[in-house]
Amino acid sequence: MSESICVLPCNGLDKCAGDLSRRVALELAQSEEVELICPVLINQNKSRYEKALAAGTLTVIDGCNTRCASKLAGDLELAIKEKVNVSEVAKALDIKLGVEIRDDQDTQAVVRAVLEKINSSAAEQAESEFIEPESIEYNTFSHGKFIFKVPKANYFFNENDCWVTVSGNMARVGVSDYVQQNLSDILYVDPPEIGDEFEQFDDLGSIESSKAVFEIISPVAGTVVAVNTGLNDAPEQVNESPYEKGWLVEVSLSDFEEDQDLLHDCPAYFEFLQRKVAEIDV
Amino acid sequence: MSESTFMGVERDRIDWSPRIDFTKCNDCMDCVEFCPHQVFEVDENAKPKLKVKNPNNCVVFCRACSKTCGPDAITFPDKPETTKMIKAIRKAEKEAATDE
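Just so you know, the protein sequences line up as chains G and X, in that order.
Going by the working numbering, 72 is the number at position 70 of the first sequence; the sequence numbering is gapless.
Going by the working numbering, 148 is the number at position 6 of the second sequence; the sequence numbering is gapless.
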């Protein structure tokens, strides 16, 4: 772990799973790069942690599926980089945690597994951070009074007009210029939840204009790592910059090579879109 | 040329369209109003009134109408199964093309 991380755990007083998230957090906090965030204190006084949060990325540890820690981060508008759920890790190990707080072999195994999960994904992330390209060149064509833009390279599309652009093992997903022009002024973006796992062609939330609701149909399979929070206050960025500032979801990919079989590259989508636009407007 | 393909596969070979459970449907017609592709039809004199008239107009993998459905009467085929089937058809066609 080269970068510093902030860890926001479940409060850990209610039941066993919570207690384990607290134990994991305390283990992590032994490292100098880790700053522990007390959920009670941050709820009371967010500014106390402002510096730490600005310097590092945020890992949230939820005890159970009530996900108090995630929800707290959401309420405080903190950007979550990484999420683990103790109950899910325990379930994968086939260990029942129950209510009673206890320290035995089972709970120690869960603590170890959660720690491994956090450490390995931190290592993976370090080498697969999404890096924005310097500049993007476009091809355009016009139809009536409309001009449609499609990037020249490095984007892939499904026939549901959603794009993906890849950087290492990470990718960003958004909608094409055609979708934003079709919907006109986008008023609302309904993003998926961070940590959601999804298959290719599952939906990744939706965007809404005064004309219609458009379901984001994912061009790839993966896990939601981040959503573009800038769109909460400025959904019009999807209209103004559909391929860049208006990206919707950042994901870690599960098998892009497999997904590519059902995707168009830029020149192919450019042709597909020309045909589609010509046919719709008869 | 008609736009009746999805990823190179003829649209009518892909089984993707809404299925209505009429034991749940309450005739609100929100789905009809929602769908811009004329997939549904309403016949006031028929019973039930709602009909999936143009299943192949349905956008493959779109399930948006089912989300507007209050009583949850609309379902769709399994996505992974459908994806698998489309891939299989494409593979078979590619092989057939290279055999020629």
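Even glycine gets a Cβ: it sits at the ideal position worked out from N, Cα and C.
Computed from a predicted model, the values in this text were never measured in an experiment.
Against chain X, does residue i count as a neighbour if the rule is that its beta carbon must be under 7 Å from one of theirs?
i	result
Asn351/G	Residue 351/G cannot be examined here, being either before or after the span of chain G that is shown, 3 to 284.
Leu264/G	yes
Ile219/G	yes
Asn162/G	yes
Phe203/G	yes
Val284/G	For Val284/G, the predicted structure reports a pLDDT of 47, less than 50, and the residue's modelled location is therefore unreliable. A value from the coordinates is still provided. Judged by the 7 Å Cβ criterion, Val284/G is not in contact with chain X.
Glu273/G	no
Ser4/G	At Ser4/G the pLDDT is 44, less than 50, meaning the model places this residue with poor confidence and gives no usable figure here.
Cys12/G	no
Cys18/G	no
Taking C-alpha atoms, which residue in the options lies nearest to residue i?
i	options	result
Lys191/X	Asn198/X, Phe182/X, Asn199/X, Pro197/X	Phe182/X
Ile138/G	Val9/G, Ser243/G, Ala280/G, Arg25/G	Ser243/G
Met172/G	Asp192/G, Ile133/G, Phe158/G, Gly197/G	Ile133/G
Phe258/G	Gln182/G, Lys247/G, Cys268/G, Thr167/G	Thr167/G
Ala19/G	Phe272/G, Leu60/G, Leu74/G, Val116/G	Val116/G
Leu250/G	Arg104/G, Gln276/G, Pro11/G, Glu238/G	Glu238/G
Ile209/G	Pro193/G, Glu201/G, Val101/G	Pro193/G
Ile219/G	Tyr190/G, Glu260/G, Glu161/G	Glu161/G
Ala54/G	Lys151/G, Ile149/G, Asn241/G, Glu37/G	Glu37/G
Gly197/G	Lys278/G, Lys48/G, Asn87/G	Asn87/G
Glu175/X	Val202/X, Asp157/X, Ser208/X	Ser208/X
Ala188/X	Asn196/X, Phe203/X, Asp169/X, Asp220/X	Asp169/X
Leu275/G	Phe159/G, Ala57/G, Gly14/G, Lys247/G	Phe159/G
Tyr245/G	Gly170/G, Gln183/G, Asn47/G	Gln183/G
Asp172/X	Asp214/X, Lys221/X, Val201/X	Asp214/X
Ile282/G	Asn199/X, Gly212/X, Glu186/X	Asn199/X
Glu84/G	Lys278/G, Ser169/G, Ile7/G, Gln32/G	Ile7/G
Val207/G	Pro221/G, Ala214/G, Val191/G, Lys73/G	The sequence shown places Gly at residue 207/G, not Val. If we check each option's Cα against that of Gly207/G, Val191/G comes out closest.
His179/X	Asp185/X, Pro160/X, Ala234/X, Cys167/X	Pro160/X
Glu136/G	Leu28/G, Asn156/G, Ser144/G	Asn156/G
Glu29/G	Val101/G, Ala71/G, Val112/G, Asp261/G	Val112/G
Distance cutoff 7 Å, beta carbons only. Does residue i sit that close to anything in chain G?
i	result
Ala234/X	no
Ala230/X	no
Pro160/X	no
Cys264/X	The requested residue 264/X is not part of the displayed model; chain X covers only 143 to 242.
Thr240/X	no
Lys221/X	yes
Thr217/X	no
Glu237/X	no
Met227/X	no
Phe182/X	no
Met171/X	no
Phe148/X	yes
On the premise that residue j lies in contact with residue i, defined as a C-beta separation below 8 Å, what is that separation, rounded to the nearest angstrom?
i	j	result
Asp106/G	Ile97/G	With 8 Å as the limit, Asp106/G and Ile97/G do not qualify as a contact, their Cβ atoms being about 10 Å apart.
Glu289/G	Ala228/G	With chain G represented from 3 up to 284, any question about residue 289/G goes unanswered, as that position is not in the structure.
Leu10/G	Leu60/G	6 Å
Gly150/X	Arg205/X	Going by Cβ atoms, the distance from Gly150/X to Arg205/X rounds to 22 Å, so no, they are not a contact pair.
Ala236/G	Gln202/G	Incorrect: roughly 29 Å between the Cβ atoms, too far for contact.
Ile103/G	Lys17/G	7 Å
Gly2/G	Gly14/G	With chain G running from 3 to 284 in the structure shown, residue 2/G is simply not present.
Asp179/G	Ser211/G	With a Cβ gap of about 14 Å, Asp179/G and Ser211/G do not count as contacting.
Ile228/X	Ile162/X	So it is not a contact: roughly 24 Å between Cβ atoms.
Ala81/G	Thr231/G	6 Å
Val202/X	Trp158/X	5 Å
Thr225/X	Leu264/G	7 Å
Ile63/G	Ser123/G	Between Ser123/G and Ile63/G the Cβ distance is about 13 Å, and since that is not below 8 Å, they are no contact.
On the DSSP letters alone, give me the boundaries of the alpha helix (DSSP H) that residue i sits inside.
i	result
Phe176/X	172-176
Met172/G	Not the alpha helix (DSSP H): Met172/G falls in the beta strand (DSSP E), residues 172-177.
Tyr140/G	It is not in any alpha helix (DSSP H) - Tyr140/G instead sits in the beta strand (DSSP E) that spans 140-145.
Ser6/G	Run containing Ser6/G: none; DSSP gives neither H nor E here.
Leu216/G	For the sequence presented, residue 216/G should be read as Phe rather than Leu. Note, Phe216/G: premise wrong, no alpha helix (DSSP H); beta strand (DSSP E) at 215-219.
Under DSSP, the beta strand (DSSP E) around residue i begins and ends at which residues?
i	result
Asp64/G	59-64
Thr225/G	224-229
Asp205/G	205-211
Cys164/G	164-169
Asn1/G	This structure leaves residue 1/G out entirely; chain G is present only between 3 and 284.
Phe182/X	182-184
Tyr190/G	188-192
Ser254/G	251-255
Handout entry: Against chain A: residues of the segment 195-211 of chain X by CB proximity under 9 Å
Key = As a matter of chain content, chain A is missing from the structure shown, whose protein chains are G and X.
Handout entry: At least three beta-carbon pairs within less than 8 Å, the segment 145-162 of chain G to the segment 269-277 of chain G
Key = yes
Handout entry: Contact the segment 90-104 of chain G vs the segment 68-81 of chain G: 3+ CB pairs below 8 Å
Key = No: fewer than three Cβ pairs fall under 8 Å.
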